[in-house]
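Residue numbering for the sequence shown is 1487 to 1736, as defined by my numbering. From the three backbone atoms N, C-alpha and C, an ideal C-beta is built for every residue, glycine too. Because the structure is a prediction, the values reported are computed rather than measured. This report concerns only the one structure given below.
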Amino acid sequence: MHAPISLAKVDVDASHRYGPLTVHDGLKFSVAANEFICICGPSGCGKTTLLDMLAGILVPSSGHVHIDGTPANPKKHSISFVFQEPSTFPWLTVSENVATGLNIKGAPSDQVRSKVASIIDIVGLKGFEDYYPHQISGGMKQRVAIARAFATEADLILMDEPFVSLDQPTREHMQREVLDIWRHMKRTVIFVTHNLEEAVYLADRVLILSAKPARIVAELPIPLQHPRDPLSTEFTEIRSKCVQWLHASH
1487 MHAPISLAKV
1497 DVDASHRYGP
1507 LTVHDGLKFS
1517 VAANEFICIC
1527 GPSGCGKTTL
1537 LDMLAGILVP
1547 SSGHVHIDGT
1557 PANPKKHSIS
1567 FVFQEPSTFP
1577 WLTVSENVAT
1587 GLNIKGAPSD
1597 QVRSKVASII
1607 DIVGLKGFED
1617 YYPHQISGGM
1627 KQRVAIARAF
1637 ATEADLILMD
1647 EPFVSLDQPT
1657 REHMQREVLD
1667 IWRHMKRTVI
1677 FVTHNLEEAV
1687 YLADRVLILS
1697 AKPARIVAEL
1707 PIPLQHPRDP
1717 LSTEFTEIRS
1727 KCVQWLHASH
């Protein structure tokens, strides 16, 4: 699949409060176009709140969250969100679910069919196009949600622990599939995870957040080629650095 190159560059310099509670305090980082970033941090440090600000759902109390130089706005920017639990429409088939964003955008029907068929093949759902969500597994439903996010050709894809409820073999398979789609389609991806091995396996760069009030305590580039071997010396050394920073962030 040959998709147009995304131009989404993300710039964050923001703080956010809920009443007297400061969630983010001077959270500052940037993401290059087509970069794959993983964000890790202690439970409750505001990772999902950060994704909400990036999606334009939530406006920061101070500072800015910019996409391509303007405030994040779902009406202006093309943003897709993949949640922890599979978000499929039970009354639609697999192919209809994947096509949802394209249909909302008013894409021509022949273009929709072509893109849906291509990405369904990439995520390993060929042969299941006419199945309904209740007829497929949880892992397959999450593939549908991921396929839909990438099929819309969103410039920015936000992923909030999308594999947290999957067993380890399925999780590893899904990690490989996401990387395969990303390599095919090249989008800017911001991926939240508690799993440091997952972060090192996927990301160009890992950002470590502190406990509340959250700030960036480390930015760790991952200079390893894909596919990555979690048992390699280089991989385990980088993972150990991430663990050290995460422990220091509490």
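Rounded distance between the beta-carbons of residue j and residue i, thought under 8 angstroms
i, j, result
"R1634", "L1611", "11 angstroms between Cβ atoms; not a contact."
"W1668", "V1675", "6 angstroms"
"Y1617", "P1576", "Not confirmed; about 12 angstroms, so no contact."
"T1508", "K1698", "7 angstroms"
"R1691", "L1710", "Actually they do not touch by this definition, with Cβ atoms about 12 angstroms apart."
"H1552", "D1497", "4 angstroms"
"P1713", "K1627", "Contact doesn't hold; Cβ gap of about 25 angstroms is too wide."
Best match in the options for proximity to residue i [C-alpha to C-alpha]
i, options, result
"A1637", "D1646, V1568, D1690 and A1704", "V1568"
"K1495", "F1677, R1673 and L1682", "R1673"
"T1574", "G1555, L1537, I1632 and D1554", "I1632"
"M1645", "V1598, C1524 and I1543", "C1524"
"L1642", "G1527, K1627, E1723 and L1540", "L1540"
"E1647", "T1722, H1502, G1505 and S1529", "S1529"
"G1624", "A1640, M1660 and V1598", "M1660"
"V1703", "C1526, E1521 and D1554", "C1526"
"E1639", "L1588, W1731, L1537 and T1579", "L1588"
"H1620", "H1510, T1719, N1583 and V1686", "N1583"
Extent of the continuous beta strand (DSSP E) run through residue i
i, result
"I1643", "L1642 to D1646"
"L1513", "L1507 to V1517"
"Y1504", "V1496 to Y1504"
Endpoints, alpha helix (DSSP H) assigned at residue i
i, result
"R1725", "T1719 to A1734"
"R1673", "Note, R1673: premise wrong, no alpha helix (DSSP H); not H, not E."
"F1567", "Looking at the DSSP string, F1567 is not in any alpha helix (DSSP H); the run it does join, the beta strand (DSSP E), is I1565 to V1568."
"V1686", "L1682 to L1688"
Cutoff 9 angstroms: residue i Cβ touching any chain D Cβ
i, result
"V1675", "Given the protein chain composition of this structure (a single chain), no chain D is represented."
Distance CB(residue i)-CB(residue j) smaller than 9 angstroms
i, j, result
"K1500", "P1560", "Rather than Lys, the amino acid found at residue 1500 in this sequence is Ala. No, Cβ-Cβ distance for A1500 and P1560 is not below 9 angstroms."
"S1735", "I1708", "no"
"R1701", "K1533", "no"
"I1608", "H1670", "yes"
"P1652", "L1688", "Note on residue identity: the sequence assigns Leu, not Pro, to residue 1652. Taking 9 angstroms as the Cβ cut-off, L1652 and L1688 do not qualify as a contacting pair."
"F1649", "E1684", "yes"
"G1512", "G1549", "yes"
"G1430", "A1519", "Residue coverage of the chain in this structure runs from 1487 to 1736, which leaves residue 1430 outside it and unanswerable."
"C1531", "S1696", "yes"
Check: residue i C-beta below 8 angstroms from any heavy atom of the ligand NAP
i, result
"Y1617", "Absent from the structure shown: the ligand NAP. Ligands present: none."
Residues bridged to residue i (per DSSP)
i, result
"A1704", "I1694"
"T1556", "I1553"
"I1523", "I1676 and R1691"
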